[in-house]
Amino acid sequence: MRRRRPAAVALICSALLTPAAAAGAAGQGAQGAPGVAAATGAPGGSGPAAPAGPAASSGGADPMSLPVIGQSTGTARPEGCAKPSDKGTERTPWAQTVLRPEAAWQLSRGAGVTVAVVGSGVDAAAGVLDGRLALGPREYGPGGAGRDCVGHGTFLAGLIAARRQDGTGFAGIAPEARILAVAVTDEAGITTPALLAKGIRDAADGGARVIAVAVPVPVGGEDLAGAVRYAGERGALVVAPAGPDATSSGGSGGQAFPAAYPEVLAVAGLGPSGAVSNGAGSNGGGSNGGAAGTEAAGPGGRVDLVAPGDALMSVGPGGKGYFTGSGPSFATALVAGTAALVLGYRPELTPAQLLDRLKATAYHPGTVLPDARVGYGTVDPLAAVSAMLPGAPDGAAPPPARAGTPVAAVEPPAARPGDGQAVAVAGGVLGGVALVGGLGYVLKHGRRRGWQPGRWSS
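Quick note, the sequence shown lines up with residues 2 to 459 if you use our numbering.
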């Protein structure tokens with residue numbers, strides 16, 4: 002009877018073929034966003050190859066072809082609430098191509114984790130939340146938290162937890178997480194520190210482990226600071242934009258709240274070029290509407306992490322069509338989704354441990370940390386979920402991040418042209434076949450000799 006090939010051979014096959022496939026995915030990510038890796042060490046080559054999805058092509062949604070969703074409209078619109086989009090696309094958004102959340106889905110899809118979206122409300126009409134939307138209170142204005150006149154909260158909820166639909170590559174970062182909608186804005190998307198504080202407390206009381214603040218405010222206060230502390234005591238990490246999304250008014254703000262509080266994970270956005278973006282770029286500047294624009298965080302502000310935030314694609318209110326949007330609030334949703342992935346795999350983490358893990362596993366910029374513009378670097382979903390970190394019990398949570406320490410940049414492989422990728426992958430596979438064949442020869446003849454040393458003959 003023929004003996005079975007040792008399991009080690011199969012393991013080596015897997016080890017050889019997986020990086021080869023990953024290299025192709027990495028190159029695709031770098032092609033979709035050529036400047037991100039070079040500027041910030043953004044993801045694109047780490048981890049196993051992402052499973053193939055139904056996307057027909059990759060790259061960002063064309064912001065000129067999709068209607069725009071902004072953080073606010075500035076004033077109540079006489080024409081009423083945001084209209085449903087009739088635009089579809091088969092493209093995979095560039096942010097997904099860069100972050101590659103599919104690689105982490107082998108370990109976690111965020112199941113069992115509730116992420117609260119504290120903003121304009123969340124409309125379930127797109128169907129991408131698939132029964133995973135819970136409606137919390139509406140703290141201001143008519144209707145419930147399922148009414149989203151601005152569309153911004155719905156857009157963010159899609160970035161966090163949308164399931165993939167047939168015919169498109171778009172999906173949320175944590176497609177099995179639950180969304181808790183808490184509405185704290187008026188019909189123009191404007192809120193106050195008091196309303197935001199109520200919304201954060203509502204989210205914590207509703208069982209959220211991650212609280213994504215959609216709209217920051219320029220001043221804080223004891224009510225808001227107390228709400229952040231309350232959320233932490235209830236086991237929730239608050240994630241918030243490091244500044245408001247930009248508008249045509251230009252200008253630059255100071256600190257944004259609640260991101261200015263040390264317990265909060267402050268997020269800034271990146272554009273496809275890799276530069277920190279205030280959200281004005283491909284939305285045509287004034288298309289967002291709302292409060293005054295800002296740099297990444299404004300003078301005196303703080304950035305902990307960055308994520309893609311420019312020319313993102315997601316769902317909106319009223320139907321199944323797609324919208325585009327830009328700004329730190331959209332990057333905040335991607336980081337909140339990553340936090341949900343981590344908690345789906347490591348539910349025992351405290352908010353402080355989760356915060357430190359997200360920082361420790363980011364793609365570091367290679368400067369003294371935290372860097373003034375990108376903080377601890379670009380969020381990395383796969384590493385955040387799977388990394389075994391030194392100095393932590395069971396590698397689950399890192400020791401507190403040490404500021405002021407130079408850290409080497411973590412960069413993905415350089416992008417190759419498509420033909421070069423094919424050659425590299427083919428070479429890796431052929432090399433693996435040759436190595437496995439050689440190993441089989443050694444095992445076969447070694448077994449015959451009783452594993453005694455052989456003799457060389459000339």
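For every residue, glycine included, the Cβ atom is placed at its ideal position computed from N, Cα and C.
Can you tell me whether residue i is buried or exposed, with buried defined as 16 or more other CB within 10 angstroms of its CB?
i: residue 145; result: exposed
i: residue 353; result: exposed
i: residue 87; result: exposed
i: residue 245; result: buried
i: residue 416; result: Bear in mind that the predicted position of residue 416 carries a pLDDT of just 33, short of 50, making it unreliable; the figure below should be weighed with that in mind. Classification for residue 416: buried.
i: residue 66; result: exposed
i: residue 217; result: buried
i: residue 99; result: buried
i: residue 472; result: This structure does not reach residue 472, given that the chain is present from 2 up to 459, and the question cannot be answered.
i: residue 348; result: exposed
i: residue 124; result: buried
i: residue 187; result: buried
i: residue 460; result: Residue 460 cannot be examined here, being either before or after the span of the chain that is shown, 2 to 459.
i: residue 132; result: exposed
i: residue 194; result: buried
i: residue 143; result: exposed
Taking the CB atoms as reference points, tell me whether residue i and residue j lie closer together than 9 Å.
i: residue 241; j: residue 214; result: yes
i: residue 111; j: residue 338; result: yes
i: residue 184; j: residue 200; result: yes
i: residue 342; j: residue 102; result: yes
i: residue 149; j: residue 83; result: yes
i: residue 305; j: residue 277; result: no
i: residue 257; j: residue 302; result: yes
i: residue 334; j: residue 134; result: no
i: residue 270; j: residue 211; result: no
i: residue 91; j: residue 169; result: yes
i: residue 121; j: residue 152; result: yes
i: residue 118; j: residue 70; result: no
i: residue 358; j: residue 390; result: yes
i: residue 329; j: residue 385; result: no
i: residue 171; j: residue 107; result: no
Who does residue i pair with in a DSSP beta bridge?
i: residue 172; result: In the DSSP output, where bridge partners are listed per residue, residue 172 has none listed.
i: residue 86; result: Residue 86 is not bridged to any residue.
i: residue 120; result: 184
i: residue 461; result: An answer regarding residue 461 cannot be provided, because it is not within the stretch 2 to 459 covered by the chain.
i: residue 109; result: Bridge partners of residue 109: none, in fact.
i: residue 314; result: 325
i: residue 148; result: According to DSSP, which records beta bridges pairwise, residue 148 is partnered with nothing at all.
i: residue 139; result: 184
Can you list, in chain order, the residues of its chain whose CB lies under 8 Å from that of residue i, leaving out five sequence neighbours each side?
i: residue 230; result: 264
i: residue 140; result: 183, 184, 185, 196, 199, 200, 203
i: residue 373; result: 304
i: residue 175; result: 102, 109, 110, 111, 114, 116, 161, 162, 338, 339, 341, 342, 345
If you run the structure through DSSP and keep just helix, strand and coil, what is residue i?
i: residue 229; result: helix
i: residue 363; result: coil
i: residue 67; result: coil
i: residue 179; result: strand
i: residue 242; result: strand
i: residue 98; result: helix
i: residue 352; result: helix
i: residue 309; result: strand
i: residue 204; result: helix
i: residue 387; result: helix
i: residue 1; result: Only positions 2 to 459 of the chain appear in the structure, and residue 1 is not among them; the question remains open.
i: residue 158; result: helix
i: residue 257; result: coil
i: residue 74; result: coil
i: residue 130; result: coil
i: residue 379; result: strand
i: residue 304; result: coil
i: residue 358; result: helix
i: residue 215; result: coil
i: residue 268; result: strand
i: residue 114; result: coil
i: residue 369; result: strand
Spatial neighbours of residue i within its chain, please: C-beta separation below 7 Å, excluding the five flanking residues on both sides.
i: residue 233; result: 264, 352
i: residue 208; result: 115
i: residue 129; result: 159, 163, 164, 166, 316
i: residue 68; result: 86, 88, 324
Is residue i near the ligand COA, judged by its Cβ being under 8 Å from some heavy atom?
i: residue 379; result: Inclusion of the ligand COA in the displayed structure is not the case, the ligand content being empty and no account of it being possible.
Tell me which same chain residues have a C-beta within less than 6 Å of the C-beta of residue i, skipping the five on either side of it?
i: residue 127; result: 316, 321
i: residue 266; result: 240, 305, 356
i: residue 198; result: 224, 225, 228
i: residue 378; result: 363, 364, 365, 366
i: residue 191; result: 73
i: residue 261; result: none
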